[in-house]
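Here is the structure we will look at.
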Amino acid sequence: MADGDYGSFVDWNQMGDLAKSSGPTKVDCKELKEFKQMARQGYWAKNHSLRAQVYQQLIKAIPCRTVTPDAEVYRDIMGTAATKKPSSQIPLPEFVDGTLVPQYCLKADAVGSVHRIINCLAGQFPDISYCPSLPALTSFLLHFAVDEAQCFEHVSRMLACNEPGKRLIDQTFLAYESSCITFGDLANKYCTAAHKLIVATAQDVLEVYADWQRWVLGDLPFSHVVRVLDVYLVEGFKILYRVAIALLKFYRKHKAGAQGGQGNQQQQDSGKVKADIQAFVRNIASIVTPDKLLEKAFSIRLFSRKEISLLQLTNEKSLQQKGITVKQKRTNVQLALNPETFSSEIVNAKEMRDIWSWIPERFALCQPQLLFTTSTHGCSLNRFYSHCEGHEPTLLLIRTTDGDVCGAFLSTDWEERKRDGNKLSFFGTGECFVFKMKPEMERYEWVVIRHPELASSIKTEFQDETACSEGKNADNNSLLLQDKRGKDLSPFLSARHFNLNSKNTSMFMAGNFESFIVGGGDGNALYIDSELNHGQTGRCTTFDNPPLCAESFQVSLLEVWGFQDTMAS
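Each residue of the sequence shown is one higher than the last, beginning at 1 in UniProt numbering.
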């Protein structure tokens with residue numbers, strides 16, 4: 001079967017139900033909102049020719065560089081198809097990093113067309129240095145192209161997109177690697193159970209997440225990826241994050257079913273975990289329909305595209321500071337927590353590794369560095385501050401005289417407390433979280449992450465206020481002390497991007513000479529006195545946490561850990 005001029009590269013015997021053209025034959029809309037709704041509903045999903053025409057319309061509407069190579073450029077360079085021998089033996093450029101061309105439902109000789117198109121793109125886009133997603137994307141779009149030249153033009157426009165804040169394809173190693181770190185952050189926050197599974201079974205979590213784009217663009221069967229691309233061409237890169245997180249959720253459910261609900265996973269080589277996920281994604285059609293996959297993807301309440309882009313930029317900056325801008329041998333995350341050298345009087349190496357899995361991914365190459373411990377430095381709040389100042393972020397660990405263990409990840413330098421003199425004013429960012437270790441490990445993040453309806457993307461100016469010196473009622477008259485760099489940071493890094501309904505949801509950390517506090521609003525997650533001896537814990541609106549141990553407790557031992565960059569000389 002053929003479908004007009006758009007099926008010349010397609011092996012219709014492999015297309016299954018997609019080979020049966022039915023449903024609408026045209027789309028009468030120009031507004032993006034209408035396209036978004038139609039794409040999600042699969043309006044053109046049953047008509048190959050209509051889908052091809054819609055793709056052409058959407059791609060032609062992409063804002064591009066002034067000089068973007070088109071179909072005529074391809075014809076001038078490559079000549080007509082009749083003068084070229086179809087051959088998949090033409091090597092692909094190095095920037096695809098050895099990624100093979102997925103055939104999907106193409107004819108066998110059409111793979112050679114994909115090779116030619118990509119090689120021509122390499123000549124026209126010399127600034128591409130790393131783009132392993134290009135073979136899958138080019139192969140996919142060839143299914144809906146009249147000829148190679150049209151496919152070349154479509155991919156070119158996607159590569160040349162210059163719309164502010166919009167990303168379609170990662171084209172450098174820095175962008176690709178930072179997207180992997182960003183995915184890790186999102187999985188950590190929005191896919192907690194699956195993230196725990198990866199942490200428990202893989203020796204290197206980042207190595208597993210490095211394949212996240214390939215799950216969607218390469219491993220997904222054509223019947224599923226075609227529905228993803230319907231939405232991707234309308235909504236952009238964010239849909240790839242959504243779908244990959246949905247795949248991770250389905251994978252965890254699949255593993256739980258296979259193990260009969262038992263949680264005794266053993267850690268194994270990361271390569272085996274990667275291969276297991278790849279095999280699951282490739283065979284997902286047997287258990288999850290395309291519509292079910294999208295339904296799961298859109299049920300995930302992510303932050304906005306703009307806010308995720310800001311997080312990605314922050315991760316890029318972190319990689320640049322570490323000197324990671326080109327592909328290099330990956331440092332195994334486990335080396336940062338070497339059980340032979342790690343020593344804490346509060347947690348063991350395994351417990352610390354579990355806590356480490358919660359921290360933002362850009363710190364994964366850092367190793368824990370003991371900054372302060374009451375067993376060595378004494379029970380003095382002044383010494384606590386002097387040892388912690390200049391370090392950002394830090395990890396607080398507390399063991400009570402009852403044997404309970406709790407703590408907090410604190411994103412901001414304690415020196416920030418000095419901005420208001422000795423007034424107890426709140427500062428910090430939405431990356432802060434608190435946790436407890438017993439009876440089981442549990443993390444409590446910023447409430448806005450779990451309930452984004454508490455915030456909007458409207459920037460607002462906040463007024464710094466004074467916190468109550470007693471600490472327990474600090475929410476009555478205090479507010480987040482803003483970072484002057486807030487406008488440049490992501491929502492995870494700065495509350496300034498949000499118009500918060502209540503100031504109580506952004507009270508992260510505060511300190512003066514009398515005490516320090518973590519979490520505010522109708523109580524404090526942690527309150528520690530000036531002698532680092534007595535503490536209190538209760539529910540607070542910032543983290544929506546229960547008491548982390550006995551509500552009133554005595555501190556047996558307190559440690560603060562910093563993050564030492566293993567890439568630094």
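Here a beta-carbon is modelled for each residue, glycine too, at the ideal position from N, C-alpha and C.
**Prompt:** Less than 8 Å separating the beta-carbons of THR374 and LEU558?
**Reply:** Result yes, Cβ atoms of THR374 and LEU558 sit closer than 8 Å.
**Request:** Give the DSSP bridge partners of THR341, in chain order.
**Result:** Note: THR341 sits in no beta bridge, so no partner.
**Request:** State buried or exposed for CYS29, treating a residue as buried only when at least 16 other CB atoms are found within 10 Å of its CB.
**Result:** exposed
**Message:** Let's test the definition: count the other Cβ atoms within 10 Å of the Cβ of LYS60 and tell me whether it reaches 16, buried, or not, exposed.
**Reply:** exposed
**Request:** Answer with yes or no whether the minimum CB distance from VAL560 to chain D is below 8 Å.
**Result:** The displayed structure is made up of one protein chain only, and chain D is not part of it.
**Prompt:** In its own chain, which residues sit with a C-beta less than 6 Å from the C-beta of SER129, not counting the 5 before and 5 after it?
**Reply:** Excluding positions up to five away in sequence, the list reads PHE95, THR172.
**Message:** With the cut-off set at 8 Å, would you say PHE543 and PHE363 are in Cβ contact?
**Reply:** no
**Message:** Going by C-alpha to C-alpha distance, which of PHE384, PHE342, LEU294 sits closest to GLN369?
**Reply:** PHE342
**Asked** Residues in its own chain within less than 7 Å of SER490 by CB, not counting five upstream and five downstream?
**Response** Only weak support exists for where SER490 lies, its pLDDT of 48 falling under 50; the coordinates are left without a value.
**Request:** Drop a sphere of 10 angstroms on the beta-carbon of VAL326, count the other beta-carbons inside from all chains shown, and report buried for 16 or more, exposed for fewer.
**Result:** exposed
**Request:** Tell me whether GLN56 sits in a helix, a strand or coil according to DSSP, three-state version.
**Result:** helix
**Asked** According to DSSP, what are the bridge partners of residue 657?
**Response** The structure shown does not extend to residue 657, since the chain is modelled only from 1 to 569, so the question has no answer here.
**Message:** Counting C-beta neighbours from all protein chains within 10 Å, is the total for VAL333 16 or more, i.e. buried, or is it exposed?
**Reply:** For VAL333, the pLDDT reaches just 41, beneath the cut-off of 50, and the residue's location in the model is therefore unreliable, leaving the point undetermined.
**Request:** Just the C-alpha distance for VAL155 and LEU174, rounded to the nearest angstrom, thanks.
**Result:** 21 Å
**Request:** Let me know the secondary structure DSSP gives ALA187 once reduced to three states.
**Result:** helix
**Request:** Would you identify the three-state DSSP class for LEU381, choosing helix, strand or coil?
**Result:** helix
**Burial state of LYS36 (16 or more Cβ within 10 Å)** = exposed
**Request:** Below 6 Å CB to CB, which residues in the same chain sit around TYR385 once its five sequence neighbours on both sides are set aside?
**Result:** TRP414
**Prompt:** Pick from VAL405, GLN56, PRO360: whose alpha carbon is nearest that of ARG157?
**Reply:** GLN56
**Message:** Check this for me: beta carbons of ALA160 and CYS64, under 8 Å apart or not?
**Reply:** yes
**Request:** Could you please give the first and the last residue of the uninterrupted beta strand (DSSP E) stretch that includes CYS366?
**Result:** Residues 366-373.
**Message:** I want to know whether the region 31-49 touches the region 110-118 - three or more CB-CB distances under 8 Å.
**Reply:** Taking 8 Å as the limit for Cβ pairs, the verdict is that the region 110-118 does not touch the region 31-49.
**Prompt:** Nearest-angstrom Cα distance between ALA210 and SER552?
**Reply:** 44 Å
**Prompt:** Should THR25 go down as buried or exposed, given a rule of 16 or more other Cβ atoms within 10 Å for buried?
**Reply:** exposed
**Request:** Indicate the three-state DSSP secondary structure (helix, strand or coil) for ASP565 in the structure shown.
**Result:** strand
**Asked** Roughly how many angstroms lie between the CA atoms of THR400 and CYS406, to the nearest whole one?
**Response** 9 Å
**Asked** When you compare only the Cα positions, how much space is there between ALA474 and PHE427?
**Response** The predicted model places ALA474 with a pLDDT of 40, which falls under 50 and marks its position as unreliable, so this point remains unresolved.
**Asked** So, are the CB atoms of LEU121 and TYR190 less than 8 Å apart?
**Response** no
**Prompt:** From ASP204, CYS151, VAL10, pick the residue whose C-alpha is nearest to that of ASN338; which is it?
**Reply:** When each option's Cα is compared against that of ASN338, the closest is ASP204.
**Request:** Look at VAL228 and LEU106 and say whether their C-beta atoms are less than 8 Å apart.
**Result:** no
**Prompt:** Alpha carbon to alpha carbon, how far is GLN53 from GLU440?
**Reply:** 54 Å
**Message:** Measuring straight from C-alpha to C-alpha, what distance separates TRP561 and GLY421?
**Reply:** 25 Å
**Prompt:** Grouping DSSP H, G and I as helix and E and B as strand, with all else coil, what is CYS161?
**Reply:** strand
**Message:** Could you give the first and the last residue of the continuous beta strand (DSSP E) run that contains ILE517?
**Reply:** 515-518
**Item:** Backbone CA spacing between GLY184 and THR99 [nearest angstrom]
**Value:** 22 Å
**Item:** C-alpha distance - PHE513 paired with GLU340, whole-angstrom precision
**Value:** 37 Å
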